[in-house]
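Structure record follows, encoded as structure tokens.
Residue numbers (the numbering used here), protein chains in the order written: chain R, 1 to 306; chain B, 307 to 609.
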């Protein structure tokens with residue numbers, strides 16, 4: 001602070017309190033609505049103080065969309081995205097910064113290109129890839145006329161129909177979302193700052209490439225990994241479009257999809273109290289993660305998007 | 307073996323093994339192949355094809371899908387809606403985030419607590435933010451809608467396009483202010499204290515210093531945030547639209563990414579949906595290139 005100016009400081013506090021009200025007001029109303037009965041939530045004006053039915057509404061929401069199962073699904077998907085992306089990114093970043101091999105440039109550019117397109121713009125073809133991931137191999141089989149070749153060799157006619165359906169599976173939810181290289185570039189940037197002498201010293205001690213990776217590079221990357229993991233967990237937990245498309249089976253949906261199914265429509269009863277308690281339930285895990293891991297979260301956010 | 311040679315993007319001390327790096331890269335490249343490159347190429351191909359919904363007959367139609375798009379009233383409407391939506395969201399988010407960041411930079415007490423709470427919406431899924439705002443402004447039960455009506459405002463986002471637009475802009479901004487805020491707080495922290503002190507000695511007050519020193523220095527950050535806000539508005543607000551308005555009423559909030567989904571999965575017009583995907587991809591590509599050109603200069607991505 002360069003000079004004292006109590007008036008400006010007071011104004012700043014007021015501005016920040018205004019910001020907090022802005023953030024909390026919708027959450028407060030959601031909580032109030034979640035604690036009322038359906039009759040109370042419909043009366044205008046709505047009460048300003050919480051009622052006594054929060055647990056009851058939570059139980060209704062829990063049973064109506066099978067929240068227990070959905071929360072587990074969300075945990076599996078978010079964790080899968082986090083672990084999968086961190087793992088493949090560490091390995092590929094290690095390969096392109098620490099190895100000299102013929103296809104290094106090509107590999108680098110293939111990975112780099114994937115930074116540029118958000119997955120949301122390829123909705124229909126990505127859906128097809130998940131519905132049948134074997135489709136490209138099928139084309140290859142058809143194009144090379146392998147069935148014809150087989151018939152020519154053996155005299156038997158066989159139909160080759162490959163199918164690998166990933167709809168309603170965890171891998172179908174996880175794999176398309178880790179297909180981008182942002183994390184690879186984060187680790188690459190970090191690896192480039194690691195002192196050269198470390199590898200040379202490790203070599204003198206007779207360590208192999210993988211041993212260097214496990215015992216030196218990974219421990220050094222720990223704080224980057226934690227910060228990135230938090231961001232990826234939030235990203236995975238809060239995904240909406242892909243679970244909506246890839247899960248037709250209600251038991252394979254995620255928690256945020258469950259909340260969508262609780263929204264009252266014009267032809268159903270206006271159960272906003274249940275919808276709001278469900279919304280609070282589905283947002284609780286990521287909010288807790290941010291509150292508890294605040295310092296790491298900010299680092300991960302700034303690191304991963306710059 | 308370890309070698310020491312100069313090659314950009316490669317550590318000076320490195321290995322020259324041949325098989326291992328391929329193995330290390332394989333998982334990433336396979337996933338990229340199946341879920342990035344093949345879908346992208348297929349989107350490109352489909353954009354030039356005309357297929358009936360069940361894929362029984364397929365014709366190569368060159369640019370017809372694109373021509374049909376530019377002729378289509380609903381696509382042009384969608385373009386305008388997207389532009390207004392992202393611009394409004396961008397301005398609102400950046401202005402509020404700037405004011406909050408300025409205030410955060412000035413206060414000493416409670417700073418951590420303020421930051422912690424203002425960051426919270428980042429953890430909330432867009433669809434959940436959408437559900438909550440849809441409730442607040444629901445014309446029959448929402449508390450804010452009630453407040454507006456008591457002021458004499460005829461509020462009804464289910465019928466009035468402008469009301470619906472305002473609602474999704476508010477919900478999208480509420481969710482995203484925290485993002486801009488983090489970067490601006492970090493940016494203000496990086497402004498050299500000596501510069502501020504020198505200006506103060508010259509008699510510039512805190513507000514004047516903010517506008518004449520801090521803001522110009524924040525230029526790159528603001529540019530970065532603007533492009534990120536565009537990416538957010540164009541692509542990540544799908545869930546908010548789906549939860550709050552379904553693109554309605556009468557297409558008033560039917561942003562481009564929502565239209566891709568609707569035409570592809572609801573109307574089963576794959577060619578048109580793919581052509582729209584390709585246009586969106588081009589736009590995303592331009593934004594990314596722009597960002598690399600102007601913001602990432604300091605970071606060396608070349609190899």
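Each residue gets a CB set at the ideal place from its N, CA and C atoms; glycine is no exception.
These numbers come from a predicted model, not from an experiment.
Pair within 9 Å by beta-carbon distance, residue i and residue j
i             : j             : result
residue 107/R : residue 327/B : yes
residue 566/B : residue 123/R : yes
residue 49/R  : residue 32/R  : yes
residue 26/R  : residue 519/B : no
residue 134/R : residue 163/R : yes
residue 60/R  : residue 233/R : no
residue 425/B : residue 294/R : yes
residue 187/R : residue 98/R  : no
residue 218/R : residue 81/R  : no
residue 543/B : residue 474/B : yes
residue 240/R : residue 433/B : yes
residue 284/R : residue 65/R  : no
residue 181/R : residue 338/B : yes
residue 443/B : residue 561/B : no
Through-space distance from residue j to residue i, alpha-carbon basis
i             : j             : result
residue 583/B : residue 9/R   : 49 Å
residue 340/B : residue 600/B : 32 Å
residue 272/R : residue 564/B : 25 Å
residue 88/R  : residue 332/B : 9 Å
residue 605/B : residue 594/B : Low per-residue confidence applies at residue 605/B: pLDDT is 41, beneath 50, and the placement is therefore not dependable enough to give any value.
residue 275/R : residue 546/B : 15 Å
residue 418/B : residue 394/B : 29 Å
residue 284/B : residue 353/B : Absent from the structure is residue 284/B, since the part of chain B shown begins at 307 and ends at 609.
residue 165/R : residue 570/B : 20 Å
residue 96/R  : residue 85/R  : 16 Å
residue 145/R : residue 157/R : 12 Å
residue 76/R  : residue 292/R : 20 Å
residue 574/B : residue 581/B : 13 Å
residue 446/B : residue 464/B : 11 Å
residue 609/B : residue 252/R : Interpretation of residue 609/B is limited by its pLDDT of 35, a score under 50 that renders its predicted location unreliable; no figure is taken from the coordinates.
residue 461/B : residue 539/B : 24 Å
residue 380/B : residue 557/B : 8 Å
residue 111/R : residue 313/B : 18 Å
residue 537/B : residue 18/R  : 27 Å
Proximity test, Cβ basis, 9 Å: residue i and chain B
i             : result
residue 147/R : no
residue 115/R : yes
residue 73/R  : no
residue 238/R : yes
residue 98/R  : yes
residue 225/R : no
residue 294/R : yes
residue 196/R : yes
residue 162/R : no
residue 70/R  : no
residue 260/R : yes
residue 42/R  : yes
residue 170/R : no
residue 49/R  : no
residue 216/R : no
residue 210/R : yes
residue 219/R : no
residue 60/R  : no
9 Å Cβ cutoff, residue i in contact with chain R
i             : result
residue 423/B : yes
residue 438/B : yes
residue 374/B : no
residue 609/B : Low confidence applies to residue 609/B: its pLDDT is 35, below 50, so where it sits in the model is not reliable enough to give any reading.
residue 458/B : no
residue 344/B : yes
residue 318/B : yes
residue 352/B : yes
residue 480/B : yes
residue 328/B : yes
residue 466/B : no
residue 605/B : Residue confidence is low: residue 605/B scores 41 on pLDDT, short of 50, so the model does not pin down where it sits. Its coordinate-derived value is still stated next. By this cut-off, residue 605/B is an interface position.
residue 340/B : yes
residue 625/B : For residue 625/B there is no data in the structure shown, the boundaries of chain B being 307 and 609.
residue 315/B : yes
- prompt: Can you list the alpha helix (DSSP H) stretches of 4 or more residues lying completely in the stretch 373 to 442 of chain B, in chain order?
  reply: Segments of the alpha helix (DSSP H) lying fully in the stretch 373 to 442 of chain B: 379 to 412, 417 to 424 and 432 to 442.
Secondary structure, alpha helix (DSSP H): runs of 4+ residues fully inside the stretch 122 to 205 of chain R: Taken in chain order, the complete alpha helix (DSSP H) segments of 4 or more residues contained in the stretch 122 to 205 of chain R are 123 to 131, 135 to 144, 146 to 154, 170 to 178, 182 to 193 and 196 to 204.
task: Pull out every residue of the stretch 11 to 37 of chain R whose Cβ sits closer than 9 Å to any Cβ of chain B, in chain order.
output: Hits within the stretch, in order: 11, 12, 13, 14, 15, 16, 17, 18, 19, 20, 22, 23, 24, 25, 26, 27, 29, 30, 32 and 33.
Contact set between the stretch 557 to 587 of chain B and chain R, restricted to residues whose Cβ is under 8 Å from the partner: Correct list: 563, 566, 567, 570, 571, 576, 579, 580, 583, 586 and 587.
query: Residue ranges of each alpha helix (DSSP H) run of no fewer than 4 residues wholly in the stretch 488 to 562 of chain B, ordered along the chain?
result: Listed in chain order, they are 499 to 507, 512 to 515, 525 to 537 and 544 to 550.
message: Quick check for students: name the residue ranges of the alpha helix (DSSP H) that lie wholly in the stretch 244 to 289 of chain R, counting only runs of 4 or more.
response: The stretch 244 to 289 of chain R contains these whole alpha helix (DSSP H) runs: 255 to 262.
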